[in-house]
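The sequence shown begins at 1 in UniProt numbering and counts up by one. Idealized CB from N, CA, C, for every residue including glycine. Computed from a prediction, not measured in an experiment: that's the story for all the values here.
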Amino acid sequence: MNNLNNGFKMQVIPSRLICHIDNKISAIVNRFQNTHTPLLVYGDDKKFMGLVTVQNTLFNRKHNSSTLIRSCLITPPRILIDTPIGEILRVMSELKLYTLPVFDESEKVIGLVKVKSLLKNLMSNSVFYEEILENMPKRNILTIPEKSNIGNVYQAFQKYSVSRLIVVDSNKKIKGMVTKRDIFAPYYSSSNKQRFSTRSKVKNYSFDVEKIKQDSQLLMKFVSPIFNELYEPIDTYKVIQTLITSRYNSIVIVDKDRQPLFIYTTNDLLKTAVWITQKTPALLTIISKLPQELSEEEKKKINREIRSAAVWINKQYKIQLVRFSSKTVYNPDRKPILFEVKLKITTDSATFFASSKDRDFMQNTKEAINQVKKQARRDS
């Protein structure tokens with residue numbers, strides 16, 4: 001993994017997320033890890049062509065199993081190694097994609113950025129931590145009986161405009177979860193049975209909605225354990241940490257009898273994170289390499305002063321990232337003899353940078369902050 005300039009990690013692209021532009025949907029449908037992870041599409045010359053998603057294949061009724069990937073491509077946003085964290089989160093939320101490619105200046109894909117990696121690092125920021133604990137939403141449960149058939153499930157998805165339902169038995173105990181992807185995927189997989197419309201009119205959709213409405217296959221054939229389960233009473237911090245570290249994107253809260261009560265999702269966590277980063281610019285602060293000689297109170301004071309400066313500058317500019325770092329010079333006895341601090345504030349229209357060297361670390365920090373403020377005043 002390589003660090004992005006915004007402090008987070010870029011991940012290597014696994015081969016399972018790569019497909020060829022001339023593949024058919026039937027060849028790649030089972031390679032989607034979930035609804036929110038796209039596949040990267042390449043041509044014969046290994047040139048990146050775009051992304052293919054569940055939304056634009058399985059959920060697009062104009063396509064069928066023989067549709068070529070080249071007909072389903074979307075162009076991803078241009079994320080570079082220095083794209084601000086808040087901007088990455090925003091486009092992920094808009095596209096409902098939790099993994100996106102990272103490009104270099106020549107438009108070559110050099111890795112992936114994942115939402116859970118971003119959220120994990122943001123949780124180490126005290127401002128974000130407090131805000132997310134206070135504002136993390138939970139959703140009411142929508143359930144469906146385990147004896148339902150696929151037609152019942154599809155109609156429930158359409159009626160409630162949801163993409164997942166909790167499956168319960170006759171005692172209302174949780175049996176699993178079924179998603180829109182679970183029931184659509186078989187209609188696109190290679191099979192001897194043709195499950196598409198046989199209507200001949202050109203204007204008709206390939207995917208026959210009436211067929212799936214009448215599908216009498218039992219629901220339990222399609223139920224999958226793609227969620228985490230926690231018992232009430234719950235701790236919000238534990239919920240968020242579980243979401244961030246889990247391979248799944250849902251947590252169902254159950255009572256002592258395993259009856260589902262409500263649900264937390266990565267989608268809601270992401271939307272809340274976007275809201276927080278937009279309203280709280282000071283949380284986009286990376287402070288690294290503080291001298292070990294500083295007390296905890298001194299560290300907190302530096303944090304407060306940098307955030308105060310960021311809030312002040314944000315009144316004139318839209319802050320994207322604040323980075324503060326320091327370097328300590330020691331004598332042969334390992335006593336600090338000189339401190340160097342650097343402060344860089346990146347906004348939507350200007351970048352302010354200051355550095356200072358002095359034997360007094362706190363004085364250094366104040367000087368760097370004052371320099372940045374002077375630059376902001378001069379440019380405003």
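query	result
Please give the ranges of any beta strand (DSSP E) in the segment 263 to 329, keeping only runs that are unbroken, at least 3 residues long and fully inside the region.	285 to 288
With DSSP run on the structure shown, which of helix, strand or coil describes H20?	strand
Hey, which unbroken runs of the beta strand (DSSP E) at 3 residues or more fall wholly within the UniProt domain "CBS" (136 to 194)?	143 to 145, 164 to 168 and 174 to 179
Should K221 be labelled buried (16 or more other beta-carbon atoms within 10 Å of its own) or exposed?	exposed
Please report the residue range of the alpha helix (DSSP H) in which K120 lies.	V115 to L122
Where N64 and I25 are concerned, what is the direct C-alpha to C-alpha distance, given to the nearest angstrom?	7 Å
Cα separation between T143 and S224?	14 Å
How far does the beta strand (DSSP E) with K344 in it reach, from first residue to last?	P336 to T347
CB E94 to CB I276, shorter than 8 Å?	no
Which residues does DSSP list as the beta-bridge partners of A354?	L343
Does the Cβ-Cβ distance between L230 and I244 come in under 8 Å?	no
Taking 7 Å as the cut-off, is the beta-carbon of M177 closer than that to any non-hydrogen atom of the ligand ZN?	Of ligands this structure carries none, so the ligand ZN is not represented either.
Assuming the contact rule is C-beta atoms closer than 8 Å, T347 and Q320 should be a hit. Round their C-beta distance to whole Å, please.	6 Å
Please report the distance separating the alpha-carbon of R16 from that of K289.	37 Å
What residue does the alpha helix (DSSP H) around N370 start on, and which one ends it?	F361 to D379
Enumerate in chain order the residues of its own chain whose CB-to-CB distance from V102 is below 6 Å, with the five nearest sequence positions on each side excluded.	M10, I79, I110, G111 and V113
Pull up the distance between the alpha-carbon of P260 and that of I69, whole angstroms please.	39 Å
Leaving out the 5 sequence neighbours to the left and right, which residues in its chain are closer than 6 Å to L122 when beta-carbon positions are compared?	F128
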